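Note sheet for the following structure.
2 protein chains.
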Amino acid sequence: MFMRELNIKAIVRQNVKKLKPYVAKEIPCRIKLDANESPFALKISDIIDEISIPLNRYPDPEAKDLRKAISKRIKVNFENIMIGNGSDELIYYLMLTFGGPVLYPVPTFSMYGIIAQSVGVETLESKLDECFDLVEEDFFNILKTKKPKLIFLSTPNNPTGNTFSSHKILKIIELAREKNCLIVIDEAYGPFCSEKGYLPLLNDFENLILLRTLSKIGLAGLRIGYLIGNSDILSEIKKVKLPYNVDAVSQYVATYALQNFYSRIKKFIREVITERENLLKKLSSFKNITVYPSEANFILFKSTKSKEIYQKLLKSGILIRDMSSTIKNSLRVTVGTKEENEEFIKALKNILDEKK
Amino acid sequence: MFMRELNIKAIVRQNVKKLKPYVAKEIPCRIKLDANESPFALKISDIIDEISIPLNRYPDPEAKDLRKAISKRIKVNFENIMIGNGSDELIYYLMLTFGGPVLYPVPTFSMYGIIAQSVGVETLESKLDECFDLVEEDFFNILKTKKPKLIFLSTPNNPTGNTFSSHKILKIIELAREKNCLIVIDEAYGPFCSEKGYLPLLNDFENLILLRTLSKIGLAGLRIGYLIGNSDILSEIKKVKLPYNVDAVSQYVATYALQNFYSRIKKFIREVITERENLLKKLSSFKNITVYPSEANFILFKSTKSKEIYQKLLKSGILIRDMSSTIKNSLRVTVGTKEENEEFIKALKNILDEKK
Chain A
1245 MFMRELNIKA IVRQNVKKLK PYVAKEIPCR IKLDANESPF ALKISDIIDE ISIPLNRYPD
1305 PEAKDLRKAI SKRIKVNFEN IMIGNGSDEL IYYLMLTFGG PVLYPVPTFS MYGIIAQSVG
1365 VETLESKLDE CFDLVEEDFF NILKTKKPKL IFLSTPNNPT GNTFSSHKIL KIIELAREKN
1425 CLIVIDEAYG PFCSEKGYLP LLNDFENLIL LRTLSKIGLA GLRIGYLIGN SDILSEIKKV
1485 KLPYNVDAVS QYVATYALQN FYSRIKKFIR EVITERENLL KKLSSFKNIT VYPSEANFIL
1545 FKSTKSKEIY QKLLKSGILI RDMSSTIKNS LRVTVGTKEE NEEFIKALKN ILDEKK
Chain B
1245 MFMRELNIKA IVRQNVKKLK PYVAKEIPCR IKLDANESPF ALKISDIIDE ISIPLNRYPD
1305 PEAKDLRKAI SKRIKVNFEN IMIGNGSDEL IYYLMLTFGG PVLYPVPTFS MYGIIAQSVG
1365 VETLESKLDE CFDLVEEDFF NILKTKKPKL IFLSTPNNPT GNTFSSHKIL KIIELAREKN
1425 CLIVIDEAYG PFCSEKGYLP LLNDFENLIL LRTLSKIGLA GLRIGYLIGN SDILSEIKKV
1485 KLPYNVDAVS QYVATYALQN FYSRIKKFIR EVITERENLL KKLSSFKNIT VYPSEANFIL
1545 FKSTKSKEIY QKLLKSGILI RDMSSTIKNS LRVTVGTKEE NEEFIKALKN ILDEKK
């Protein structure tokens, strides 16, 4: 008998077929400045003595304690907060709930586009200007003609590091509301930013949704992101949310950290900001590179020898991120500890000097 | 100026609009026999002394250590294993990757249908027979006429507790392969089952995928599910998988538990099986209820007074699951500790005696 072989390609959804897996490879290194993590080593035992939760029980599906701890910190009713297994999961839920088209500027955080393609919704991209700011007219035009359901704006933006002009964002939110379009402002890098953020606008604009995360401020290992929005929006998203999407240990440790470890977290954030300013000053003094302003915990810079710099830094054990596939000749370095940054600057100086 | 109000209903996807959120409410109780958890209290400190991972770093996106620990236990190459934030997340990924129609028997685990509706793929249901076994002809017929992309079979099945006939499953796998359809066997309750499971068939059937979980064997709080399948299938699913879908602490504790705590886990499983048999015997001696055979860590039974039984048990602090919306007059009780089961039996006897 002839046995027909399985043809997997034939049953993969069209939108997924074109997708490439997001590569998050672990590259061995001594100094890790590639992933926008906090550089300050932090173990569970630094935060908490004993984790008393029963592992044999399912986690709280509503993550009430964690939502209340966040609520207390940011002064928002806990019923307007939803916890995700990282913001990534919440982006999935937003697109599963509201569909597309999904509009975002480019370059920006790559997961908006990847998740849109996974879900199978149309994506609309608006190119940032030469200062990496939003092109208002382009957004207006797309809003009027293409009827997007969701807009994603990451400000400060990854990988460019700058914030988008708040007056432009405001006008986009207003027109989006008129066009019945939701706007998601991703404030992952908000803690490092000198501007106040968009939380105060939540009451005025019911189409506004905020995304935040504990990943950049020292707790990336826990995978805790959260969404803030009006209750009508949350009711719809709850329908696609997996009941037990955040494990019990992460809920517990994150809650405890927000309640009892927050002054340390804030100190870490201040140190990163101080170090970012130092790093910006030093990088700007180098002649052969272009450095971009940053309100985040990383800095984007350009060099015609970006590939060489990346490789030579890695050879000396320093891992940064090659962004040249997104922005020509660009590299992104996460702010490390004082010592790490000094070593990075020294190594970079050597590489740049070599080339003379 | 007239300010147009946001019309959220108008931008929710059609498939999501019809969906109701999965209710996983926490009902206060003294004895919790509703969620098919392990009854044996287990804290992190029972398993491990110190969790040395750095919380400030992102988790290993490939969960290599955990996959290797599982690989060693089940003797499957770790490259054929993918970890999910519970099996639930893997069900999402399967449907996002392969789409629909999705075929499953009813009644079964409710998340297959809920997730299918979240993703927006067509569902096909095949009613189980009066012994809650598969109706082979119906599967054949649907496979031939409706071209499903995915079949989900949970065996032992939730909430019925029985296994499906293996000769029927085998024939369905064969016809599914011929029709280029993937078949997912969900072995969440496999550890409590006297049959060996479908892992030995993996090499023979490239359309076969297995789902397993640590949730029923004592680690529900960690949210660790895993998928076993051939590498062509995994390559496609990787495209929709979030890079950091399993947090670092869960990876670490689960890995450690599989390496150093497995004999205790196996002992817990044996105790649950012993207790299930006791519980089955006692329940079967009651005259006014119908008890169904079980190969899982729970038992389904029927009574015309199921609502009353549920409420009266809850009043005495014992929480079981009312399944009457799925199977008329039915209740599902999770196997607890010896003491919990005795108290449950005693309370149930009192309620049934009252009614005479």
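Chains as they are written, first to last, in the working numbering: chain A, 1245 to 1600; chain B, 1245 to 1600.
All residues carry an ideal CB built from backbone N, CA and C; glycine is no exception.
The structure displayed is predicted, hence computed values, not measured ones.
Glu1583(B) at chain A interface by Cβ criterion, 8 Å: no
Could you tell me which of Val1484(B), Lys1253(B) and Val1379(B) sits nearest to Asn1259(A), measuring between CA atoms? Of Val1484(B), Lys1253(B) and Val1379(B), the smallest CA-CA separation from Asn1259(A) is found for Val1484(B).
Since Leu1426(A) is in the beta strand (DSSP E), which residue starts that stretch and which ends it? Leu1426 to Asp1430
Apart from the five residues just before and just after Lys1412(A), which ones in its own chain have a Cβ nearer than 6 Å to its Cβ? Leu1378 and Glu1380
Tell me, please, which residues DSSP counts as bridged to Arg1456(A). Its beta-bridge partners are Tyr1470(A).
Listing by chain order, which chain A residues have their CB less than 7 Å from the CB of Phe1284(B)? Asn1300
With a threshold of 6 Å on Cβ separation, who are the neighbours of Arg1274(B) within its own chain once the five nearest residues in sequence on each side are excluded? Gly1561
Using the three-state DSSP reduction, which class does Tyr1348(A) fall into: helix, strand or coil? strand
Test: Val1346(A) CB closer than 8 Å to a CB of chain B: Interface flag for Val1346(A) against chain B is unset, since no Cβ pair is found closer than 8 Å.
Sort Gly1328(B), Gln1555(B) and Tyr1442(B) by Cα distance to Pro1272(B) and report the nearest one. Residue Gln1555(B) is the option with its Cα nearest to Pro1272(B).
Specify, as a first and last residue, the run of the alpha helix (DSSP H) that Leu1419(B) falls within. Ser1410 to Glu1422
Considering Met1567(B), what are the terminal residues of the beta strand (DSSP E) in which it resides? Premise fails: Met1567(B) is in no beta strand (DSSP E) and is neither H nor E.
Which residues bound the alpha helix (DSSP H) around Arg1508(B)? Run containing Arg1508(B): Tyr1506 to Ser1529, per the alpha helix (DSSP H) assignment.
With a cut-off of 8 Å, does the C-beta of Thr1548(A) fall near any C-beta of chain B? False, the Cβ-Cβ gap to chain B never drops below 8 Å.
Since Val1577(B) sits in a beta bridge, which residues does DSSP pair it with? Ile1543(B).
Which residue or residues does DSSP assign as beta-bridge partners of Leu1368(B)? Leu1347(B)
Interface partners of Val1484(A) on chain B, CB under 8 Å: Under the 8 Å cutoff, chain B gives Val1260, Leu1263 and Ser1362.
According to DSSP, residues forming a beta bridge with Asn1251(B): None; Asn1251(B) has no bridge partner.
For the beta strand (DSSP E) that Ser1398(B) lies in, which residues bound it at each end? Leu1394 to Ser1398
Is DSSP giving Thr1404(A) helix, strand or coil here? Thr1404(A) falls in the coil class under three-state DSSP.
Same chain only: Cβ atoms within 8 Å of Phe1530(B), ignoring 5 sequence neighbours per side: Leu1592, Lys1593 and Leu1596
Roughly how many angstroms separate the alpha carbons of Leu1445(A) and Arg1565(A), rounded to a whole number? 34 Å
Roughly how many angstroms lie between the CA atoms of Ser1459(B) and Met1355(B), to the nearest whole one? 15 Å
Strictly by DSSP, which residues pair up with Val1535(A)? Phe1545(A)
Please classify Val1267(A) as buried or exposed, where buried requires at least 16 neighbouring CB atoms within 10 angstroms. exposed
Look up Asn1314(B) in the DSSP assignment and say whether it is helix, strand or coil. This sequence places Ile at residue 1314(B); Asn is not what is there. Helix, per DSSP.
Should Ile1481(A) and Leu1338(A) be called a contact, given that it needs their Cβ atoms to be closer than 8 Å? yes
Cβ atoms of Phe1396(B) and Tyr1348(B): under 8 Å apart, would you say? Pairing Tyr1348(B) with Phe1396(B) gives a Cβ-Cβ distance under 8 Å.
Three-state class that DSSP yields for Lys1276(B) in the structure shown: strand
Sort Ala1360(B), Val1490(B), Ser1547(B) and Glu1587(B) by Cα distance to Asn1330(A) and report the nearest one. First, the residue type needs correcting, since residue 1330(A) is Gly and not Asn in the sequence shown. Ranking Ala1360(B), Val1490(B), Ser1547(B) and Glu1587(B) by Cα distance to Gly1330(A) puts Val1490(B) first.
Secondary structure of Ile1481(A), DSSP reduced to three states: It is helical.
Could you give the first and the last residue of the continuous alpha helix (DSSP H) run that contains Asn1594(A)? Lys1582 to Glu1598
Under 8 Å, Cβ to Cβ, is there at least one residue of chain A near Val1493(B)? Answer yes: the Cβ-Cβ gap between Val1493(B) and chain A drops below 8 Å somewhere.
What does Ser1296(A) touch in chain B if you count any residue whose Cβ is under 7 Å from its own? Lys1287
Between the CA atoms of Asp1278(A) and Lys1559(A) - distance to the nearest angstrom: Each residue's Cα considered, the two are about 15 Å apart.
Contacts that Phe1342(A) makes with chain B (C-beta to C-beta distance below 7 Å): In chain order, Ile1255, Val1256 and Arg1257 make up the part of chain B whose C-beta sits under 7 Å from the C-beta of Phe1342(A).
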